[in-house]
Each structure stands twice: as C-alpha cells, then as structure tokens.
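Protein chains in written order, with this note's numbering: chain X, 57 to 486; chain P, 263 to 415.
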C-alpha cells in the first residue's frame, strides 16, 4: 500500500501523517481554512475565483472547474446535486485512491466549497466497488463530519447552509467513470452514458441540476481559497496551473505517485521514478492513462500539461505514466489495451460495441502469427469508424491508443505479419 | 432473503431522491447474505423496488461485481491490465492456475476459491497485485501469492 507519494507539494504534504486522517488533525494542519474563506464571499465570487485560478478537472478531460460550476442554474427551486467521481478505473491511474485513503477531508472540504458556490444541498461520492478500503476511509470521514456538525443543517455557522453527503459504492464498470454513466449507476441503472444535451447541470442525477467533479479536483479547491489564486498559479503552467499526482508504472525502478507541478517534463518524471529498470533502453510511454496515444523516447522533453501534449498528438488524461522498455512487444501491448476496451464497452452504440471487438480480434491474430496482409489496413480503418460516432467518448478512448501504436510502431505490426510470429521473445507474458 | 436484509434495504431508500438509487447497495446486501443473486432474489428485489424483474436482472449482469451464479468461498482476482502485465501479472496468474488446478474464471472443486482476473484495480504503482475478497495484496511474487491463497479457509 502506498502511504505517501515519493515527491510531495501542497496537496500531499501531510499524507504520511496519520493524524491528517482525523478531523481534528486535518483542522490543526490548516483544514477548513479554505471553506471558511469561501463563506466570507458571495457564492458568485467563489465561482469567479475558482474560474480565474485556472484549475482544470483532474479526471481526464481537463475542463475549467469554475466554469463547470457556473453552469449550475440559478434561482432554480430544485435540489442541486454535486457528484464526486471516485470511479477511478483508467488503467495506469491510482492517484484518487491515495487521496481517498490519506486526504478524505480535503475532498469533503472541496465539496462543501463547491456546495456553497453552486447552492447545492446534496452530494454523492461515488467510489468504484473494488476500492473497499478507500470507501471505508471516506465513510469514516463523512461520519466524523456529521458528528462534529460539519455536515447536515446550518453548518459552519451559516443559517441556511445545509448539506448532506451519501457515499455510494459502484459495482465494477469502467464506463461509470464517464459522468453520465456514473449518474445512471447512481440511479440504480446500467451505467450506459446519456446523450447530451441535456447536460447534467440541467438534468443530472435523478433529473436534478448536477455538477460532477473528480476526487482530485475537489481536493485542490481548498488550497485555492485559503492561499489565493496567485499562489496557486505559482505552480504549473499558465494554461494548466497547480500540481497533480503523476502515477508512474511499468518498467521503472521505482513505480509510484509523484506530486509535481503540471508542465514537469516527461523525462524528469521518469527520472524521479528511478529511470527505466535494469538500465534498459526506453521504448514507449503512455503519458496519461491507457486511453491516451503513446509517445516515444524523442518526446521525453515534453512538458506534462495538456497544451503541450496535444501538440504531440496525445493528452494528459489522468496523468498515469506507463513506461515500456525495449523488451516490450507493442503488439502485445495492443492486445492488452484492446481486450480492456472490448470488455468494458457498454454495448450501447454499434460502432463501439462492434469496433472494439474487431480491433481486439485483429491484434490477437497478428500477435499469434496469423496476421493477414489486409489486417493492417483494417486495423487502421476501424478506429476511424468509431471516433466521434458514439454517445460518449469511450469509443475515442478505445481508438486513440491503437492509432498511436500504429503511428509509432507500425513496423512491429508489419514484422509480426511478415514473420508470422512474435519477434519479441523477451517481452512480457500475454 | 432474510427480513433483516429487507429492513436494511428499506433503510437505504431515504438516502436517494428516488428509491431505485438504492438498487446497487441493495444488491450488495443480498450478496452479503446469500453469496450471489438468484433469479428468485432478483424477483424479490424487483418487488421491493417496485420495478420489473428484468430491470434488476439487467443491472445484475451489467456490473462485474455482481454474481448470478454461486461462487467459491473466496474470490482471488489477479489484475492483468497493462501496468500489471508489464510487471509479470500474467506469469503470476498462470502460476496460481497451476497451483489450484483451475483455469481463470473457474472455482476449485472443493468450492474454496473462485479464480479470476480483473481489469485495472488502481494498484499500478505496486504491481503485480491481486484482490482477495475485499483486500488488496500488492508487490507480489508467486511464492507470496501462493501462500496467501493457501491460507484461505
């Protein structure tokens, strides 16, 4: 179990400290200063402040958090709802788990700041079902907040500031990380994403106005309120301020989490993780969780922020950095990636349901030495038929990594088909 | 299902703006009592939630963590997604298969262990790993994994 990231900044500074997991310990280490500062301001002002901080959602899409909050309708009589997305399932991502285990009160404080700003009365923290221990940690924090009078009615001395929190356990479906899939799951249904519009701010959980933010996003918010926008903008880049918890996995000496400013060069992050294991050469890096197209050693200089990664044809995603050394067979990697997306497609849209199956079948056939001459053309065409054609972004997420692998490692696919076998005997077992 | 389970489910209703929101937690409660959700339990749930049985069944079969068939006393799931595979997860899974004499997805003949693999469990920094019932075991090698499996009752 990870207790603390290998490098820390403001977010994870106290994660190694068990006292930080108790309400009293959290408060004595600066906890709830952000919320108290927020309560001194009008809700509108808080939204403007978070907007101007440039905080971008840490769940993968990188949308401006304050702007998202501003979409919540004003003067609407309906109960407004916040949903905290703890469905972390993107392969290569394991940061939200640590925040839930070691910084649950940060999440709750961020949630209450959002509740004040948007006038929300109810929150659901939806956490993936396998995260049994993180669920226990968040539940314990919520219970302590109720016992202390920090949740419920007229909280923090503000008459009329009411907020209730329900911790909801998911049941194992990657698609519930998609915000409308998550809302369906909250409503006790299959997690099949909804068509937009209507957007969640108009018609979200149970038909109520809803804002969905990621766990880490909420956890950053208190610091913006307590220490100010200028301070927050002192970390990261102009377009992507703040730090994030980069998760480094795969073929490195020291895999784990590293809290670093956004914009830290990819190579520096891998160095923090001890470099490629066994002194081997680097072959490929997936920079932001498995849905994101792969990069090569020539990209080690890229600053890890969305605006720079998109120039290289990939994205920051959730900051899950997967490192592959020179033994790795990229067709095997494609088999694992495509199996996952085939398995997790919710089956709603034909392009995705069928396309993910085709891609996986092709990858497997090529890896097994049974690839046919036309297979590569097909493998290039299928992703194109899926992208942008479906209700949600899952099909894009399934298409991108395959397109990325073909862009940089087409020769390996060709070699498999030509030799009718896998030319990488030392690669990881499939 | 037992009256206590039914009562616990009814207590869940108040937390959701609509009763149906409590369906996922309710299914967990049934599984806690019975190990899996049979067609009979699904019908009882449908009655309790005032929805069609098929509406319960489609939810049951959509999510990986719900079981419609009897399971072994323990679940052993090895994560085989890319970060774990890069660090030897599939070799580990083969080793456990050989040791238990079952293939992934099967239950040992004594009903002790159901072996499976799962997609990313959010343990990429501590790979390879496995989930045994509710608990994570991380940074595994085969010897340690087999010891954990052998210690299950």
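Quick reminder that beta carbons are idealized off the backbone N, C-alpha and C, glycines included. Every value quoted in this text rests on a predicted model; they were computed, and no experiment measured them.
- In the DSSP assignment, residue 455(X) falls within the alpha helix (DSSP H) that extends over 450-475.
- When beta bridges are read from the DSSP output, residue 382(P) appears opposite no residue.
- When the Cα atoms are used, residue 351(X) and residue 206(X) turn out to be separated by approximately 46 Å.
- If you keep only unbroken alpha helix (DSSP H) runs of at least 4 residues inside the segment 117-168 of chain X, you get 121-126 and 151-158.
- Close to chain X, meaning a Cβ-Cβ distance shorter than 8 Å, are the following residues of the segment 347-370 of chain P: 347, 348, 349, 350, 352, 353 and 356.
- About 5 Å separates the CB atoms of residue 348(X) and residue 371(X); that is less than 8 Å, so the two are in contact.
- According to DSSP, residue pairing for residue 225(X) in a beta bridge involves 183(X).
- At least one beta carbon of chain P lies nearer than 8 Å to the beta carbon of residue 186(X).
- Taking the Cα positions, residue 361(P) is about 14 Å away from residue 414(P).
- Going by C-alpha positions, residue 321(P) is about 11 Å away from residue 282(P).
- As far as DSSP is concerned, residue 349(P) takes part in no beta bridge.
- Taking 8 Å as the cut-off, the beta carbon of residue 385(P) is found closer than this to the beta carbon of residue 150(X).
- Beta-bridge annotation (DSSP): residue 306(X) is paired with 379(X).
- Annotation for residue 111(X): 120, 121, 122, 273, 276, 277, 280, 288, 297 and 298 place their beta carbon closer than 8 Å to its own, counting only its chain and skipping 5 residues before and after.
- Counting along the chain, no alpha helix (DSSP H) covers residue 264(P), and no H or E run does either.
- Taking 9 Å as the cut-off between beta carbons, the residues of the segment 280-310 of chain P near chain X are 280, 281, 282, 283, 284, 285, 286, 287, 288, 289 and 290, in sequence order.
- In this structure, DSSP gives residue 392(P) an extended state, which the three-state scheme calls strand.
- Its chain contains 338, 358, 361, 362, 375 and 394 as the residues whose beta carbon lies nearer than 8 Å to that of residue 411(P), once the 5 sequence neighbours on both sides are disregarded; these appear in chain order.
- DSSP, reduced to helix, strand and coil, places residue 78(X) outside both helices and strands of the structure shown, so it counts as coil.
- Within a 10 Å sphere around the beta-carbon of residue 162(X) sit 16 or more other beta-carbons, which makes this residue buried.
- When the beta-carbon positions are compared, residue 344(P) and residue 389(X) come within less than 8 Å of each other.
- DSSP, read as helix, strand or coil, puts residue 99(X) in helix.
- Bounds of any alpha helix (DSSP H) do not take in residue 312(X); it lies within the beta strand (DSSP E) bounded by 312-317.
- Between residue 472(X) and residue 422(X) a beta carbon distance of about 5 Å is seen, short of the 8 Å cut, so the two are scored as contacting.
- Fewer than three Cβ pairs drawn from the segment 368-385 of chain X and the segment 407-414 of chain X lie within less than 8 Å of each other, which leaves the two stretches out of contact.
- Residue 339(X) counts as buried, since no fewer than 16 other beta carbons sit within 10 angstroms of its beta carbon.
- When CB distances to chain X are screened at a threshold of 8 Å, the residues of the segment 377-404 of chain P falling below it are 380, 381, 382, 383, 384, 385, 386, 387, 388, 389, 393, 396, 397, 398 and 400, in chain order.
- At least one beta carbon of chain P lies nearer than 8 Å to the beta carbon of residue 144(X).
- Taking a Cβ-Cβ cut-off of 9 Å, residue 481(X) has no neighbours in chain P, whose nearest Cβ is about 14 Å from it.
- Around the beta-carbon of residue 159(X), 16 or more other beta-carbon atoms lie within 10 Å, marking it buried.
- Shown here for residue 168(X): same chain residues with a beta carbon closer than 7 Å to its own, the five before and five after excluded, namely 91 and 219 in chain order.
- At a cut-off of 8 Å between C-beta atoms, residue 350(X) does not count as an interface residue with respect to chain P.
- Contacts between residue 230(X) and chain P, judged by CB atoms closer than 9 Å, involve 381 and 382 in chain order.
- A contact between stretches requires three or more CB pairs, one per stretch, nearer than 8 Å, and the segment 387-405 of chain X meets this requirement with the segment 442-456 of chain X.
- Proximity of chain P to residue 399(X) at the Cβ level (cut-off 7 Å) is accounted for by 381, in chain order.
- Here DSSP, grouped into helix, strand and coil, assigns residue 178(X) to strand.
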